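Below is one structure, written out as structure tokens; the observations come after it.
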Amino acid sequence: MSRRLTRPRRQTEASPATPAAAWNNKMLLWSYDKMAQFSALDTIELLTPTPLLLIAGTKAETLQQSQAAYDAAQEPKELFLIEDGTHFDFYDRPEFVTPAVTKIDSFLRNNL
Numbered sequence: 005m006s007r008r009l010t011r012p013r014r015q016t017e018a019s020p021a022t023p024a025a026a027w028n029n030k031m032l033l034w035s036y037d038k039m040a041q042f043s044a045l046d047t048i049e050l051l052t053p054t055p056l057l058l059i060a061g062t063k064a065e066t067l068q069q070s071q072a073a074y075d076a077a078q079e080p081k082e083l084f085l086i087e088d089g090t091h092f093d094f095y096d097r098p099e100f101v102t103p104a105v106t107k108i109d110s111f112l113r114n115n116l
């Protein structure tokens with residue numbers, strides 16, 4: 005009988021938008037090295053001429069990756085920063101979700 009090796013992923017806090025915060029999200033250990041090796045920057049030039057919109061918070065832990073993707077991408081591209089937002093604020097905090105959705109709407113209307 006074989007058992008899958010898994011590593012628990014970080015659980016989120018419960019909120020009105022995420023009532024199932026106790027859900028145990030797991031990832032197979034053998035897939036971790038593949039995820040760690042992947043970089044979208046290696047192939048970002050393949051997006052051209054597809055319009056690219058990157059949205060990030062100014063306090064996001066991932067802001068550097070968003071900036072690197074923006075720098076590597078060809079036009080048309082846009083990096084939209086939302087003041088004081090962190091990476092996780094865009095999941096369920098209206099003061100960050102609303103401007104992000106508004107920007108996505110206008111970007112798609114102008115570029116599709």
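Residues in the sequence shown are numbered consecutively from 5, following this note's numbering. Here a beta-carbon is modelled for each residue, glycine too, at the ideal position from N, C-alpha and C. These numbers were taken from a predicted model, which means no experiment stands behind them.
Mapping DSSP to helix, strand and coil, what is Leu116?
Under the three-state reduction of DSSP output, Leu116 falls in the coil class, being neither helix nor strand.
Rounded separation between Arg109 and Leu116 - CA only
The sequence shown places Asp at residue 109, rather than the Arg named in the question. If you take the alpha carbons of Asp109 and Leu116, they lie about 11 angstroms apart.
Tell me whether the beta-carbon of Leu58 lies closer than 8 angstroms to the beta-carbon of Ala44.
No; because the gap between Cβ atoms is not below 8 angstroms, this pair is not in contact.
Would you call Phe100 buried or exposed, if buried means 16 or more other Cβ atoms sit within 10 Å of its Cβ?
Counting Cβ neighbours within 10 Å, Phe100 comes out buried, since at least 16 surround it.
Taking all protein chains shown into account, decide if Met5 is buried (16 or more other Cβ within 10 angstroms of its Cβ) or exposed.
Low confidence applies to Met5: its pLDDT is 46, below 50, so where it sits in the model is not reliable enough to give any reading.
Taking the alpha helix (DSSP H) that Leu33 falls in, what are its first and last residues?
Following the DSSP letters along the chain, one finds Leu33 inside the alpha helix (DSSP H) bounded by residues 33–41.
By DSSP's criteria, Ala60 is part of a beta bridge. Which residues make up the other side?
In DSSP, Ala60 forms a bridge with Leu85.
Secondary structure at Thr102, three-state DSSP: helix, strand or coil?
Residue state, collapsed to three classes: helix.
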